[in-house]
(Lines of atoms letter the chains of each structure in order from A; the text may use other names.)
(Lines give C-alpha, C1' and ligand atoms only; values in the text may rest on other atoms or scores of the structure.)
Protein backbone atom coordinates (compact mmCIF):
# COMPACT_ATOMS: atom_id res chain seq x y z
CA UNK A 25 0.00 0.00 0.00
CA UNK A 26 1.24 3.47 -0.86
CA UNK A 27 0.11 6.87 0.40
CA UNK A 28 0.69 10.26 -1.25
CA UNK A 29 2.29 13.23 0.54
CA UNK A 30 -1.06 14.89 1.31
CA UNK A 31 -2.24 11.57 2.81
CA UNK A 32 -5.61 11.74 1.10
CA UNK A 33 -4.96 9.03 -1.53
CA UNK A 34 -3.99 5.37 -1.18
CA UNK A 35 -2.92 2.81 -3.77
CA UNK A 36 -2.75 -0.89 -3.01
CA UNK A 37 -1.46 -3.80 -5.11
CA UNK A 38 -3.31 -7.09 -4.73
CA UNK A 39 -2.12 -10.34 -6.33
CA UNK A 40 -4.91 -12.46 -7.84
CA UNK A 41 -3.82 -15.80 -9.39
CA UNK A 42 -2.13 -14.49 -12.55
CA UNK A 43 -1.87 -10.73 -12.17
CA UNK A 44 -2.11 -7.68 -9.96
CA UNK A 45 -5.12 -5.53 -9.12
CA UNK A 46 -4.41 -1.85 -8.50
CA UNK A 47 -6.82 -0.50 -5.89
CA UNK A 48 -7.12 3.27 -5.46
CA UNK A 49 -8.91 5.21 -2.74
CA UNK A 50 -9.28 8.98 -2.38
CA UNK A 51 -11.03 10.64 0.54
CA UNK A 52 -12.88 13.93 0.16
CA UNK A 53 -12.05 15.44 3.58
CA UNK A 54 -9.34 14.77 6.12
CA UNK A 55 -6.33 12.52 5.83
CA UNK A 56 -5.40 8.90 6.35
CA UNK A 57 -3.59 8.24 9.63
CA UNK A 58 -0.46 6.88 8.00
CA UNK A 59 2.17 5.24 10.29
CA UNK A 60 5.05 7.60 11.02
CA UNK A 61 8.70 6.89 11.71
CA UNK A 62 8.78 3.56 9.83
CA UNK A 63 11.45 2.93 7.23
CA UNK A 64 10.69 0.30 4.64
CA UNK A 65 7.65 -1.92 5.09
CA UNK A 66 5.09 -2.36 7.85
CA UNK A 67 3.05 -5.54 8.25
CA UNK A 68 -0.59 -5.01 9.24
CA UNK A 69 -3.43 -7.41 9.98
CA UNK A 70 -6.69 -7.28 8.05
CA UNK A 71 -8.26 -5.51 11.05
CA UNK A 72 -5.52 -2.86 11.04
CA UNK A 73 -5.96 -2.45 7.28
CA UNK A 74 -9.63 -1.66 7.86
CA UNK A 75 -8.57 0.84 10.56
CA UNK A 76 -6.30 2.61 8.06
CA UNK A 77 -9.00 2.67 5.38
CA UNK A 78 -11.51 4.04 7.91
CA UNK A 79 -9.13 6.86 8.91
CA UNK A 80 -8.06 5.41 12.27
CA UNK A 81 -4.47 5.25 13.54
CA UNK A 82 -2.55 1.97 13.79
CA UNK A 83 -1.05 3.06 17.11
CA UNK A 84 -4.36 2.74 18.97
CA UNK A 85 -4.42 -0.13 21.43
CA UNK A 86 -7.81 -1.48 20.37
CA UNK A 87 -10.77 -0.59 18.20
CA UNK A 88 -13.97 0.94 19.47
CA UNK A 89 -16.38 -1.74 20.70
CA UNK A 90 -18.94 -2.81 18.12
CA UNK A 91 -22.41 -1.42 18.74
CA UNK A 92 -25.34 -3.68 18.00
CA UNK A 93 -28.73 -2.02 17.64
CA UNK A 94 -31.56 -3.74 19.47
CA UNK A 95 -34.24 -1.92 17.50
CA UNK A 96 -34.24 0.23 14.41
CA UNK A 97 -36.73 3.05 14.19
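Numbering (our numbering), first residue to last: 25 to 97.
Ideal placement from N, C-alpha and C gives every residue a C-beta, glycine not left out.
### Query
Helix, strand or coil for residue 75 per DSSP?
helix
### Query
What span of residues does the beta strand (DSSP E) with residue 56 cover, start to end?
Premise fails: residue 56 is in no beta strand (DSSP E) and is neither H nor E.
### Message
For residue 33, list the residues DSSP reports as bridge partners.
### Response
50
### Query
Under 8 angstroms, do residue 31 and residue 55 count as touching if we go by C-beta distance?
yes
#### Entry: Cβ-based neighbour list, residue 36, same chain, cut-off 6 angstroms, excluding 5 preceding and 5 following
25, 47
### Task
Give the DSSP bridge partners of residue 38, in chain order.
45
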